[in-house]
Amino acid sequence: MTPEMRRIVAEAKAAARVGWSDEAVASLAESTRALHCDASELARLLAFPEADHGFREEVFTTGPSFHASVFALAEGETIPLHDHPRMDVISKVLRGRVLVRAYEWLDVKALHARACGELILGESDGALVLRKSPGTLHTITALEGTAFLDLFAPYYDDVARPCSYYKEVAGLPATNVQLRVVTWDEARQ
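Per the working numbering: the sequence shown = residues 843 to 1031.
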């Protein structure tokens, strides 16, 4: 972790103790703009073994109120459709490019969402900010070898904020999507 990344992670962790305000999120997202990693750092990250959630991740700090890590995806790898319940997330591509397909909850209990479109993000782009309200779901596909920093506040909790994976149910208009909860193994298929 570079000194600048270390500073941003410390700032984000301190702000998470009281909850990220709109101003804190905007400031943190802007702070990440200049972050990047070189090809040798990406190669180091891609050499990591997969963690229990199926992806290569270097965790910098974790706890119930905050989590910071860098994910590494090889070209073509996808993090399946998943949610961040009642969490704010700031995600900054450090190297490479990803395709993000985002959805927004219309009715969580009925598993009804609205497709918000696709976005390609690279290292020269600003951070992707996902706010806890109304709640966001997304997939991430690496268009080339990619590393990205994720800052979460608060972090997943198996009881209060579990991570769920989803698949679209066929037959609905493209902008309004019916989802179903699936297992991790089903999500990866």
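Don't be surprised by glycine CBs; every beta carbon is placed ideally from N, CA and C.
Residue j beta carbon less than 9 Å from that of residue i
{"i": "Val940", "j": "Ala984", "result": "yes"}
{"i": "Cys879", "j": "Leu887", "result": "yes"}
{"i": "Arg937", "j": "Leu970", "result": "no"}
{"i": "Gly959", "j": "Arg943", "result": "yes"}
{"i": "Arg1003", "j": "Pro891", "result": "no"}
{"i": "Asp861", "j": "Tyr997", "result": "Note on residue identity: the sequence assigns Gly, not Asp, to residue 861. Contact flag unset, no."}
{"i": "Ile850", "j": "Ser873", "result": "yes"}
{"i": "Leu1021", "j": "Leu953", "result": "yes"}
{"i": "Leu991", "j": "Lys934", "result": "yes"}
{"i": "Glu946", "j": "Arg956", "result": "yes"}
{"i": "Ala876", "j": "Glu846", "result": "yes"}
Boundaries of the beta strand (DSSP E) in which residue i is found, first to last residue
{"i": "Glu899", "result": "898 to 904"}
{"i": "Ala910", "result": "909 to 915"}
{"i": "Ala955", "result": "954 to 964"}
{"i": "Lys1009", "result": "1007 to 1011"}
{"i": "Arg1022", "result": "1018 to 1024"}
{"i": "His924", "result": "920 to 925"}
Buried or exposed (CB count within 10 angstroms, at least 16 for buried), residue i
{"i": "Ile982", "result": "buried"}
{"i": "Ala868", "result": "exposed"}
{"i": "Val987", "result": "First, the residue type needs correcting, since residue 987 is Gly and not Val in the sequence shown. Buried is the call here."}
{"i": "Ile932", "result": "buried"}
{"i": "Ala989", "result": "buried"}
{"i": "Ile921", "result": "buried"}
{"i": "Phe901", "result": "What sits at residue 901 in the sequence shown is Val, not Phe. The residue is exposed, with fewer than 16 neighbouring Cβ atoms inside 10 Å."}
{"i": "Ser911", "result": "buried"}
{"i": "Ala857", "result": "buried"}
{"i": "Phe999", "result": "The question names Phe, but residue 999 is Asp in the sequence shown. Answer is exposed; the Cβ neighbour count stays below 16."}
{"i": "Asp1027", "result": "exposed"}
{"i": "Thr844", "result": "exposed"}
{"i": "Lys855", "result": "buried"}
{"i": "Ala889", "result": "exposed"}
CB-CB length for residue i against residue j, believed under 8 Å
{"i": "His909", "j": "Phe994", "result": "4 Å"}
{"i": "Tyr1007", "j": "Val1024", "result": "5 Å"}
Beta-bridge pairing of residue i - partner residues as DSSP gives them
{"i": "Arg943", "result": "Glu960, Thr981"}
{"i": "Ser933", "result": "Leu970, Asp992"}
{"i": "Arg1003", "result": "Asp999"}
{"i": "Asp949", "result": "His954"}
Continuous alpha helix (DSSP H) stretch holding residue i: start and end
{"i": "Ala876", "result": "Ala876 -> no alpha helix (DSSP H), and no H or E assigned at all."}
{"i": "Pro845", "result": "845 to 858"}
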